[in-house]
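Sequence lines, in order, name chains W and V.
In this text, residue positions in the first sequence follow the working numbering: the first is 1, and each later residue adds one.
In this text, residue positions in the second sequence follow the working numbering: the first is 1, and each later residue adds one.
Heads up, the beta-carbon is just placed ideally off N, CA and C, and yes, glycines get one too.
2 protein chains.
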Amino acid sequence: MPEDNNAERCELMHVHQDIVDRVNQQMPEDEILFDLAELFKIFGDSTRIKILYLLFESEMCVCDIAQLLKMTQSAISHQLQVLKKSKLVKYRRDGKTVFYSLADGHVRTIIDQGMEHVAE
Amino acid sequence: MPEDNNAERCELMHVHQDIVDRVNQQMPEDEILFDLAELFKIFGDSTRIKILYLLFESEMCVCDIAQLLKMTQSAISHQLQVLKKSKLVKYRRDGKTVFYSLADGHVRTIIDQGMEHVAE
DNA sequence: TAAACACATGAACAACTATTCATATGAAAG
DNA sequence: CTTTCATATGAATAGTTGTTCATGTGTTTA
Numbered sequence: 001m002p003e004d005n006n007a008e009r010c011e012l013m014h015v016h017q018d019i020v021d022r023v024n025q026q027m028p029e030d031e032i033l034f035d036l037a038e039l040f041k042i043f044g045d046s047t048r049i050k051i052l053y054l055l056f057e058s059e060m061c062v063c064d065i066a067q068l069l070k071m072t073q074s075a076i077s078h079q080l081q082v083l084k085k086s087k088l089v090k091y092r093r094d095g096k097t098v099f100y101s102l103a104d105g106h107v108r109t110i111i112d113q114g115m116e117h118v119a120e
Numbered sequence: 001m002p003e004d005n006n007a008e009r010c011e012l013m014h015v016h017q018d019i020v021d022r023v024n025q026q027m028p029e030d031e032i033l034f035d036l037a038e039l040f041k042i043f044g045d046s047t048r049i050k051i052l053y054l055l056f057e058s059e060m061c062v063c064d065i066a067q068l069l070k071m072t073q074s075a076i077s078h079q080l081q082v083l084k085k086s087k088l089v090k091y092r093r094d095g096k097t098v099f100y101s102l103a104d105g106h107v108r109t110i111i112d113q114g115m116e117h118v119a120e
């Protein structure tokens, strides 16, 4: 006759205490892990991935990106703001047009590593 | 007096034709870029990031992960299925318990690269 | 066989997000 | 100053997603 149905335990722990200790030491702080997930979230959209790939080749203005990706200027601009907030791209203004470019070398490294996993 | 308000052009193109050609050549196929975004989407959730970090230390069963992260068994199991489908983790059964572990070395490399960007 | 345990899974709901539409800003040209 | 062009942005909407709850599956033990 079961007394409670609290499923929050599996015979104490299957792993040993030393592993739990190692985990608790090596685990980065929650805030760092949150930021890390936020970063990957930026790469988790194919429109943004395409924009970054374009910027691998050359700096570009919003309208060029929109044309190359066959999307509206508004959609691209919104995504560029997202990329800007995450410090993945930077921009410079030249008259009426704004040129965007990669902010960081890490961007390329991260995408290349992901590619290696995908292309298997 | 404006004749049309079609915003789908910016004086042909600001970039030059050679850049457009380079882009079209170097750009991977849409399907690849989609898969790449899907991969990063997996890393774009702090629960999954935490699970992967735990598995850096040791293989673990579902209940242990749930306890360490103070989350329900169901939530962890759902996320492990996501990680399994993406081939980021593998599992082995030992009696009643199922042990999960990292499937690939790329996982660690990708996360480490992301960390470098975040920890600045 | 029946009960208990570890895990998986379907449905439902809330939270988030990418795009569209309409409009605003800012710079250059007339 | 007014118009035009390039870009930015707020609101709205449709689609996606993470967690919970309830329940199902598979394994071990009594």
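How long is the line joining the alpha carbons of residue 71 of chain V and residue 93 of chain W, rounded to whole angstroms?
47 Å
Straight-line CA distance for residue 68 of chain V to residue 57 of chain W?
44 Å
If you compare alpha carbons, which of V/25, V/35, V/28 and V/23 is closest to residue 87 of chain V?
V/35
Buried or exposed: where does residue 48 of chain W fall if 16 or more other Cβ atoms within 10 Å of its Cβ makes it buried?
buried
Determine the extent of the alpha helix (DSSP H) in which residue 112 of chain W is found, giving its start and end residues.
105 to 118
Tell me the DSSP bridge mates of residue 71 of chain W?
DSSP lists no partner for residue 71 of chain W.
Is residue 100 of chain W close to chain V, meaning its C-beta is less than 8 Å from at least one C-beta of that chain?
no
Contact list for residue 71 of chain V against chain W, beta-carbon separation under 7 Å
Residues of chain W passing the Cβ test: none, with the nearest at roughly 10 Å.
Quick one: which chain W residues come within Cβ less than 8 Å of residue 50 of chain V?
27 and 33
From the beta carbon of residue 37 of chain V, is the nearest beta carbon of chain W less than 8 Å away?
yes
Chain W residues whose Cβ lies nearer than 8 Å to that of residue 76 of chain V
The contacting residues do not exist; residue 76 of chain V stays about 12 Å from chain W at best.
Residue 46 of chain W and residue 37 of chain V closer than 8 Å at C-beta:
yes
In angstroms with no decimal places, state the Cα-to-Cα distance between residue 117 of chain W and residue 120 of chain V.
25 Å
Buried or exposed for residue 105 of chain V, please, with buried defined as at least 16 other CB atoms from any protein chain shown within 10 angstroms of its CB.
exposed
Residue-chain proximity (residue 41 of chain W, chain V), Cβ-Cβ < 8 Å
yes
Just how far apart, CA to CA, sit residue 50 of chain V and residue 111 of chain W?
21 Å
If you draw a straight line from the C-alpha of residue 81 of chain V to the C-alpha of residue 74 of chain V, how long is it?
11 Å
Assigned secondary structure, residue 88 of chain W (DSSP; H/G/I helix, E/B strand, else coil):
coil
So, helix, strand or coil for residue 101 of chain V, using DSSP?
strand
Would you verify that the beta carbon of residue 113 of chain W is, or is not, closer than 8 Å to some beta carbon of chain V?
yes
Near residue 59 of chain W, what residues of its chain come up, given a Cβ to Cβ distance below 6 Å and the 5 sequence neighbours on each side ignored?
99 and 101
Distance cutoff 8 Å, beta carbons only. Does residue 53 of chain V sit that close to anything in chain W?
yes
Alpha-carbon to alpha-carbon, residue 31 of chain W and residue 62 of chain V
23 Å
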